[in-house]
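Reviewing the structure listed below.
Numbering (our numbering), first residue to last: 170 to 339.
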């Protein structure tokens, strides 16, 4: 055996034979001694991509807030239970809050959702006040407005819960 044949000889490892080697052994008249790859230069074609402008972050946050508002109104409850929009007592006067904690009118869910939304806006104002640290008067105004919004909405929600549970709100 010559040196060239020794180098060419491979160790017999199970599964180490390539598909080309397997085909060459079975069909030597087709491929001959060598299997060559043709040298073809394919043109590089570019696909024209459709560019769609991405929406701004503000639009994304706006959509998220609308979705949260709809979910906070209790849309699933309203669809499933089909409660009345507004109630009335024996005299015919309108009742805005249902007397039970387990049920609600449609208007009650919408009002509670608006109050929660205003409260979250107050927390956003608290965050925005920290961005105006160099303009002290502006930061203080935004901070006070945020705290007032949070406090007023908290009291309004507590009033609603007190009326629903039958406690005297004042």
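Quick reminder that beta carbons are idealized off the backbone N, C-alpha and C, glycines included.
| Check | Outcome |
| --- | --- |
| Segments of 4+ residues assigned as alpha helix (DSSP H) that fall wholly inside the segment 275-302 | 275-298 |
| Which listed residue (327, 213, 313) has its alpha carbon closest to that of residue 294 | 313 |
| Residue 304 versus residue 324: straight-line alpha-carbon distance, rounded | 31 Å |
| DSSP bridge partner residues for residue 256 (one or two, in chain order) | 264 |
| CB contact flag (residue 279, residue 322, <8 Å) | no |
| Environment of residue 273 [buried if 16+ CB atoms lie within 10 Å] | buried |
| 8 Å Cβ cutoff met for residue 315 and residue 286 | no |
| Contacts around residue 277, its chain only, beta-carbon distance under 7 Å, and the 5 residues preceding and following it disregarded | 265, 266, 267 |
| Cβ-Cβ distance between residue 290 and residue 318 below 8 Å | yes |
| Euclidean distance between Cα positions of residue 255 and residue 288 | 24 Å |
| Start-to-end residues for the alpha helix (DSSP H) that takes in residue 229 | 226-241 |
| Rounded separation between residue 233 and residue 248 - CA only | 21 Å |
| Residue 284, buried or exposed, once every other Cβ within 10 Å from all chains shown has been counted against 16 | buried |
| C-beta atoms of residue 238 and residue 282 nearer than 8 Å | yes |
| Spatial neighbours of residue 335 in its chain, beta-carbon cut-off 8 Å, leaving aside the 5 residues before and after | 268 |
| Three-state class that DSSP yields for residue 340 in the structure shown | Here the chain comprises residues numbered 170 to 339, so residue 340 is not present and cannot be evaluated. |
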